[in-house]
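Accompanying notes for the structure given below.
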Amino acid sequence: MLKLLLALSMSVLCVSPLQAEDIHPVTKSCQPGAKQAHCERWTKEFKTALEQAHKGDHGAQVIVALCLSSGCHGAVTIDRAASCSWHLVIANSGAATVLDASNLRNTCRPMTATEKEEARALSGDLVRKIYKRAPAATDQM
Numbered sequence: 011m012l013k014l015l016l017a018l019s020m021s022v023l024c025v026s027p028l029q030a031e032d033i034h035p036v037t038k039s040c041q042p043g044a045k046q047a048h049c050e051r052w053t054k055e056f057k058t059a060l061e062q063a064h065k066g067d068h069g070a071q072v073i074v075a076l077c078l079s080s081g082c083h084g085a086v087t088i089d090r091a092a093s094c095s096w097h098l099v100i101a102n103s104g105a106a107t108v109l110d111a112s113n114l115r116n117t118c119r120p121m122t123a124t125e126k127e128e129a130r131a132l133s134g135d136l137v138r139k140i141y142k143r144a145p146a147a148t149d150q151m
């Protein structure tokens, strides 16, 4: 699992933004072929991680954030703003590590000001839902 998380953390890509009202990312339909089974496994893992992430599970939040930036082998729609918002949630969790801070910087800093505002709004909603409090006022981007 650690190898997987490290591999995913190294795969930050340029991706398209998420609509501000869409907090729940969308999984994709896996294409038939040699990688279909792998994609289907990741689709299932992502859905489980997303459910656990909404319950405050740090490891699941990391998987969700990384899948949103990498696509997790074609299983998840890549979305930079959503990925950044989950990295901000992780930063607000109280369980963030140095690697989490690095992932946040690598994902969020290249974004436009508009994308960053979108990510802040999404993360604020998520922090309030998950942790029942306002997000920290500091900006880690």
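At position 137 of the sequence shown (counting the first as 1) the number is 147 in the working numbering, and the numbers step up by one without a gap. Don't be surprised by glycine CBs; every beta carbon is placed ideally from N, CA and C.
Tell me, which residues are paired with residue i by DSSP?
{"i": "residue 58", "result": "None, per the DSSP bridge assignment."}
Output yes or no for whether 8 Å exceeds the beta carbon distance between residue i and residue j.
{"i": "residue 134", "j": "residue 120", "result": "no"}
{"i": "residue 85", "j": "residue 70", "result": "no"}
With DSSP collapsed to three states, give me the class of residue i.
{"i": "residue 53", "result": "helix"}
{"i": "residue 86", "result": "strand"}
{"i": "residue 37", "result": "strand"}
{"i": "residue 103", "result": "coil"}
{"i": "residue 110", "result": "helix"}
{"i": "residue 31", "result": "No answer about residue 31 holds up, because its pLDDT of 38 lies below 50 and its placement is not dependable."}
{"i": "residue 97", "result": "helix"}
{"i": "residue 115", "result": "helix"}
{"i": "residue 150", "result": "coil"}
{"i": "residue 64", "result": "coil"}
In the DSSP assignment, find the alpha helix (DSSP H) that holds residue i and state where it starts and stops.
{"i": "residue 126", "result": "123–141"}
{"i": "residue 68", "result": "68–80"}
Counting Cβ pairs, one atom from each stretch, are 3 or more of them under 8 Å apart for the region 95–106 and the region 69–80? yes
Is it true that the region 108–124 meets the region 38–52, where meeting means three or more beta-carbon pairs spaced less than 8 Å apart? no
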